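Okay, so here's the structure we're looking at.
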Amino acid sequence: MPSLPPELWSLVINLLRHRDQIKCLSVSKMHHDIAFSSVFSHVRVTFGLWIWRPMMSDRARVHPSSNEQECMTRRNYTTLDVLRAISSRPDLAEVITRFTVYACDLEDSGNSTEQLENLRAALEVLPNLQVFHWYGQRPEPSSAVFNALEAQSATTLTEIRLPMLEKYYMRALPPQLYHFPNLRSLSMIKQASWNGPGHNIYEIVTTLVDVRTEILAHLSISGDVRQWRRESFSGLRELELIFTMVFGLGGFADVLRDCPSLTSLTLLPVDIADPADIFPAFGAHPHALPGLTAFKYLKQAEAEPPTTPEHVAALCEFLKNKRHLRQLDVALQAEDREDDPLFELLRELPALEVLGFDFTRADWTPSDDIAFFERVIPARLSALRVGQLVLVHEPDLCASYRAEWLKLFKSRTSLRYLHIFESFIEPPETETALRLRQLPIEELPASLELYGYGLYMHPVVREPLDAGSNSDAPRATFGPCWPLEKVVFRTKEDFECPDWEWLLRWHDYPGLDMLRPSVLPNGPPLMLNPDIPLLHGSSS
């Protein structure tokens with residue numbers, strides 16, 4: 001093959017997956033120089049060690065084991081090496097546009113001062129930083145970190161994600177946040193386990209939004225909607241109200257009325273939020289948000305009071321006018337079959353391609369139930385999330401029920417991502433489990449690229465056809481299961497499709513156990529692999 005000019009190689013390499021771009025670093029100097037900026041554009045650093053201990057595990061201890069301590073030490077050394085490399089190599093600092101911090105240290109580690117100082121030094125030399133994300137609260141982002149961002153990235157930074165700390169609730173936001181004139185996306189989410197006061201958070205954030213009214217397009221926020229100022233949020237395109245109670249003089253209707261430009265709306269109420277504060281607004285304003293392309297409503301499983309048929313009807317009245325709606329993900333936790341009108345509505349949404357739903361049945365009749373979903377679920381779907389598939393208590397029905405579901409999935413010939421949630425925890429050997437985790441690849445759609453089952457996520461790998469092959473399709477196999485930390489800290493780049501990341505987003509907000517399938521035993525805690533490089537995509 002004749003040599004291509006560097007300009008064409010640049011186009012080719014930029015279209016490659018991240019793991020393939022990494023391989024280009026060792027092909028030749030030309031390929032290295034072209035791939036360098038793509039490979040190192042996103043850096044992730046971790047302080048401490050992220051460890052997940054299941055809620056039902058008897059190992060829910062605080063102090064790390066000796067093995068975990070060793071892993072934590074190695075991880076911190078690696079983080080230190082990365083930060084020092086950034087500080088000392090202008091060629092590396094220049095190509096970094098995204099920076100993510102995972103703050104998972106122990107409260108008594110005593111390392112936070114040195115860690116934050118090294119981070120500050122690295123941030124001060126990033127001239128092209130556009131996105132800064134901070135997950136976790138140990139350590140908290142310091143004033144020195146914000147000062148470094150302001151000093152070097154004030155005009156380039158367009159997206160910030162921070163934890164919603166208690167001190168922000170009680171006082172004010174970091175003053176440096178007011179000094180990023182091009183900030184278009186702000187995310188400040190509190191931990192689900194913290195139940196401190198949140199009534200004034202919108203008033204605090206509004207003071208920041210007021211400064212960026214013409215610029216800010218995306219807002220993800222936790223708290224209570226009490227001090228909603230309509231002029232402050234009128235320009236938003238994407239709004240996520242996470243762990244929120246929606247009430248006040250105008251209630252949720254204010255949101256529908258005052259954000260006419262919204263194209264994406266996500267609601268995850270607190271478990272004590274009253275649906276009566278939300279759903280009547282949908283029915284009263286059915287023509288609001290005409291440009292909506294994505295809608296997500298996730299009610300927690302144990303939340304009270306319940307969703308009623310009237311609430312479902314109001315939501316249907318609102319959604320049926322959304323001709324541009326591409327993405328819909330709803331978990332209403334309604335009573336038996338009370339959410340059927342929502343499923344019937346799916347056929348009236350001509351643009352729908354991404355769907356997520358939970359459902360409840362008191363008594364199953366596999367042929368009738370599957371026939372219903374076969375009729376209402378659009379054949380054109382590219383991504384599907386289904387919850388509560390194992391509510392079958394008669395062993396004789398399991399085989400038939402499982403086969404019918406697999407037939408439905410396989411008939412969706414455009415389906416590229418399928419994710420299944422179970423409804424409750426039961427032993428894997430139970431006779432009423434559908435055993436959908438370990439499926440032969442032949443039982444899934446030929447178009448599938450990613451299969452998820454609770455916490456387990458497997459890419460589908462297709463081998464190129466041999467020259468003499470008689471097959472008309474490449475052989476498909478399941479690739480390695482995603483590491484748990486990749487599931488937890490998943491990004492759009494990890495999914496390689498923004499639609500798929502959106503579909504799974506927020507389902508594990510109350511805790512990772514929300515994704516936990518029954519087949520996961522109460523074994524040792526699962527933790528971040530300290531040997532995975534800190535560069536984006538290399539954990540694939």
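Just so you know, we're using the UniProt record's numbering here: the sequence shown kicks off at 1 and counts up by one.
Glycine included, each C-beta is placed from N, C-alpha and C at the ideal position.
Computed from a predicted structure; not experimentally measured.
Assigned exposure category for residue i - 16 Cβ within 10 Å defines buried
i: Asp81; result: exposed
i: Asn76; result: buried
i: Asn67; result: exposed
i: Asn118; result: buried
i: Pro141; result: buried
i: Pro269; result: buried
i: Lys407; result: exposed
i: Ser26; result: exposed
i: Gln21; result: buried
i: Pro480; result: exposed
i: Pro260; result: exposed
i: Lys322; result: buried
i: Leu15; result: exposed
i: Asp336; result: exposed
i: Ala273; result: buried
i: Leu4; result: exposed
i: Glu159; result: buried
i: residue 541; result: In this structure the chain extends from 1 to 540, so residue 541 is not present and cannot be described.
i: Leu8; result: exposed
i: Leu11; result: exposed
i: Ala334; result: buried
i: His32; result: exposed
i: Ser87; result: buried
i: Lys29; result: exposed
i: Arg120; result: buried
i: Thr244; result: buried
i: Pro498; result: exposed
i: Ser411; result: exposed
i: Glu463; result: exposed
i: Gln69; result: exposed
i: Glu214; result: exposed
i: Arg89; result: exposed
For residue i, the first and last residue of its enclosing beta strand (DSSP E)
i: Tyr135; result: Val131 to Arg138
i: Ile34; result: Ile34 -> not in any beta strand (DSSP E); alpha helix (DSSP H) instead, spanning Lys29 to Val39.
i: Pro163; result: Glu159 to Pro163
i: Ile189; result: Ser185 to Ile189
i: Leu450; result: Leu450 to Tyr453
Start and end residues, alpha helix (DSSP H) containing residue i
i: Cys24; result: His18 to Cys24
i: Tyr77; result: Ser66 to Ser88
i: Glu117; result: Ser112 to Leu123
i: Thr13; result: According to the sequence shown, residue 13 is Ile rather than Thr. Ile13 -> alpha helix (DSSP H) spans Pro6 to Leu15.
i: Trp502; result: Pro498 to Leu504
i: Phe146; result: Ser143 to Ser153
i: Leu256; result: Ala253 to Asp258
i: Leu484; result: Leu484 to Val488
i: Phe495; result: Lys492 to Phe495
Strand pairing of residue i, partner residues [DSSP]
i: Arg462; result: Ala476
i: Ala103; result: Phe47 and Gly136
i: Leu384; result: Leu355 and Leu418
i: residue 551; result: The chain is shown only over 1 to 540; residue 551 falls outside these bounds and no answer can be derived.
i: Thr266; result: Glu240 and Lys296
i: residue 541; result: As displayed, the chain neither begins before 1 nor continues past 540, which places residue 541 out of reach and without an answer.
i: His63; result: DSSP output for His63 lists no bridge partner at all.
i: His218; result: Ser185 and Glu238
i: Tyr456; result: Tyr453
Note to self: Restricting to runs no shorter than 4 residues, where is the alpha helix (DSSP H) found entirely within the segment 272–353?
What the structure shows: 279–284, 309–319 and 340–345
Sufficient close CB pairs (3 or more, under 8 Å) joining the segment 85–102 to the segment 33–46:
yes
**Prompt:** At a cut of 8 Å, does the segment 409–424 reach the segment 371–383 through at least three beta carbon pairs?
**Reply:** yes
message: With a threshold of 8 Å, are at least 3 pairs of Cβ atoms found where one atom belongs to the segment 448–468 and the other to the segment 287–299?
response: no
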